[in-house]
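Beneath this line is the structure, given in structure tokens, with notes to follow.
There are 2 protein chains.
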Amino acid sequence: MIRLYDFELSGSCYKVRLLLNILKVSCERIPVDFVGKEHKSERFLKLNPLGEIPVMEDGEVRLRDAQSILVYIARQYDRSSTWFPDAPDSMGRIMQWLSFGGNELMAAAGARLIRILDYPHDLPVLQARAIESFRILDEHLSDREFLELGHPTIGDIACFPYVAMAGEGGIDLKPYANILRWIDRIRQIPGFIPMPGIPAIGAVAA
Amino acid sequence: MIRLYDFELSGSCYKVRLLLNILKVSCERIPVDFVGKEHKSERFLKLNPLGEIPVMEDGEVRLRDAQSILVYIARQYDRSSTWFPDAPDSMGRIMQWLSFGGNELMAAAGARLIRILDYPHDLPVLQARAIESFRILDEHLSDREFLELGHPTIGDIACFPYVAMAGEGGIDLKPYANILRWIDRIRQIPGFIPMPGIPAIGAVAA
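Chains A and B supply the protein sequences, listed in that same order. Per the working numbering, the very first residue in the first sequence carries number 1045; after that it's consecutive. Per the working numbering, the very first residue in the second sequence carries number 1045; after that it's consecutive.
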């Protein structure tokens, strides 16, 4: 069984739990005391020298980095072959959003960390960066239901958590109607699991 | 033919040119005036709303983000199927280094930009982050010839440029003997193309 080194409130860990639940793959969750900085402990650095969660183990395979774990899980367990399909252009297009989820959107993750766990980052700088990334995402979603290919992929999963939970970082999603509709669509995927801070379905109409 | 929106000195553009040359795929290079901020122009933002180079076009496919372009090119043009192979665990392992190349190692890219193009970033902060990423990379390479799978992959290509050109960002690679040996190995791949700032073969022995 997959072992996931996990912290309940982490959006990056949630990406992995969300895809696993949608694909009906069970996992053993090994809690990491993120608040107590267990992810920087000598023991944990042997699992991931970057000192970050999540880490996944599946038999002999051990992987760090949420986006890398999504790639592995989709290729190993997605029998529909739709979450990270074979075609070179599909992979390239989805990869753009794995990068966006692991880079640009981590500003929103940082803003949330400051607000919910009192992290010592520069809140206005991170909020401004997050807002710029939301503007790009909202524009992209103006004529699309999902980020690429017209259906959900691991690109959506990689971007969803820190966008959907942006309110916890003090960022109002109301200006981004296309993003709010996309959040609604993702909430309706069979196997979706909620997290605190994600807007309720229909928030766009409110 | 592939069209690459390109800037000669960009390490991110070089990643793409390097893989194309190794795979013997020709491309049309469209120069972008990076110094003149053409990548932030209205015209360019229509190609890539993130305002970054490289951008690649291949027929109907347009992609931003060096790592995404590497994924596409490997899947579309690598007849050996070794640069980004099918197996789920291979993809997951390589993806870790696509993320590392697009995240952690961009500190080294930033340090280089400050030094060669006088960018207004915080040099000591970026150098310290780069050094931490080099420490992790050097340790990883202590018992490996390439980053994963025992042979070169797009993971190596994604990480190579900003490590190899770190000297231009004022970072000395001498303490990282495993990295210097890895640079030597990559330089010896048929189709390798040099860039200014990359140490000569044998620098490890110097």
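Positions of the beta carbon are idealized from the N, C-alpha and C atoms, including for glycine.
Min CB distance residue i to chain A below 8 Å
| i | result |
| --- | --- |
| B/A1250 | For B/A1250, the predicted model reports a pLDDT of 48, less than 50, meaning its position is unreliable; a value from the coordinates is still stated below. Chain A contact via Cβ: absent. |
| B/I1223 | no |
| B/V1060 | no |
| B/S1112 | yes |
| B/G1154 | no |
For residue i, the first and last residue of its enclosing beta strand (DSSP E)
| i | result |
| --- | --- |
| B/P1075 | C1071 to P1075 |
| A/L1114 | Looking at the DSSP string, A/L1114 is not in any beta strand (DSSP E); the run it does join, the alpha helix (DSSP H), is A1110 to Y1121. |
| A/M1045 | From DSSP, A/M1045 is part of no beta strand (DSSP E); its letter is neither H nor E. |
| B/D1102 | V1099 to D1102 |
Any C-beta of chain B under 8 Å from that of residue i
| i | result |
| --- | --- |
| A/Q1206 | For the sequence presented, residue 1206 of chain A should be read as Tyr rather than Gln. Taking Cβ atoms only, chain B never reaches closer than 8 Å to A/Y1206, which makes this a no. |
| A/D1200 | no |
| A/P1164 | no |
| A/Y1116 | yes |
| A/P1098 | no |
| A/P1093 | yes |
| A/I1180 | yes |
| A/Q1232 | no |
| A/Q1140 | yes |
| A/R1047 | no |
Rounded separation between residue i and residue j - CA only
| i | j | result |
| --- | --- | --- |
| A/S1143 | A/R1123 | 24 Å |
| A/V1105 | B/D1130 | 15 Å |
| A/Q989 | B/A1210 | Chain A is shown only over 1045 to 1250; residue 989 of chain A falls outside these bounds and no answer can be derived. |
| B/S1125 | B/A1118 | 8 Å |
| B/G1103 | B/I1046 | 7 Å |
| A/A1250 | B/V1169 | Confidence at A/A1250 is low in this model, with a pLDDT of 48, below 50, so its placement is unreliable and the value that follows should be read with caution. The alpha-carbon atoms of A/A1250 and B/V1169 are separated by roughly 44 Å. |
| A/N1065 | A/L1048 | 13 Å |
| A/F1190 | B/G1194 | 37 Å |
| A/L1091 | B/R1156 | 31 Å |
| A/I1058 | B/P1234 | It should be pointed out that residue 1058 of chain A corresponds to Tyr in this sequence rather than to Ile. Cα to Cα, the separation comes out at about 42 Å. |
| A/L1063 | A/V1207 | 16 Å |
| A/V1079 | A/S1056 | 15 Å |
| B/E1212 | A/I1237 | 47 Å |
| B/L1053 | B/R1229 | 22 Å |
| A/M1100 | B/R1179 | 23 Å |
| A/Y1116 | A/F1128 | 9 Å |
| B/T1197 | B/A1244 | 22 Å |
| A/R1159 | B/Y1121 | 46 Å |
| A/A1221 | B/L1114 | 33 Å |
| A/K1068 | B/R1087 | 45 Å |
| B/W1226 | A/K1218 | 49 Å |
| A/D995 | A/W1141 | Outside the modelled stretch of chain A, which goes from 1045 to 1250, sits residue 995 of chain A, for which no answer is possible. |
| B/A1152 | B/L1167 | 10 Å |
| A/Q1111 | B/F1051 | 28 Å |
| A/C1071 | A/H1083 | 20 Å |
| B/E1096 | B/H1184 | 30 Å |
| B/D1162 | B/G1154 | 10 Å |
| B/A1202 | B/P1093 | 22 Å |
| A/S1134 | B/L1107 | 11 Å |
| B/D1187 | A/G1241 | 44 Å |
| A/L1224 | B/A1174 | 37 Å |
| A/R1137 | B/K1081 | 25 Å |
| A/P1205 | A/V1076 | 19 Å |
| B/P1164 | B/M1150 | 15 Å |
| B/I1074 | B/P1098 | 10 Å |
| B/D1182 | B/G1145 | 14 Å |
| B/M1239 | B/D1216 | 17 Å |
Residue i: CB within 7 Å of a non-hydrogen atom of the ligand SAM
| i | result |
| --- | --- |
| A/R1159 | Only the bare structure without any ligand can be found here, which leaves the ligand SAM out of the picture. |
Residues that residue i contacts on chain A, provided the C-beta gap is smaller than 7 Å
| i | result |
| --- | --- |
| B/Q1120 | P1132 |
Limits of the unbroken alpha helix (DSSP H) element including residue i
| i | result |
| --- | --- |
| B/D1200 | I1198 to A1208 |
| B/D1228 | A1221 to R1231 |
| A/N1092 | Neither: A/N1092 is in no alpha helix (DSSP H) and is coded neither H nor E. |
| B/S1056 | G1055 to I1066 |
Proximal chain A residues relative to residue i, where beta-carbon distance stays under 8 Å
| i | result |
| --- | --- |
| B/S1054 | The premise fails here: B/S1054 is roughly 16 Å from chain A at the closest Cβ pair, so nothing lies under 8 Å. |
Chain-ordered neighbours of residue i on chain B, where CB pairs are closer than 7 Å
| i | result |
| --- | --- |
| A/S1143 | D1109, Q1111, S1112 and G1146 |
| A/E1183 | P1093 |
Partner residues on chain B for residue i, Cβ-Cβ distance less than 9 Å
| i | result |
| --- | --- |
| A/V1105 | P1132, D1133, G1136 and R1137 |
Would you list, in sequence order, the uninterrupted alpha helix (DSSP H) runs of no fewer than 4 residues that lie entirely inside the segment 1125-1185 of chain A?
1132-1146, 1150-1161 and 1167-1184
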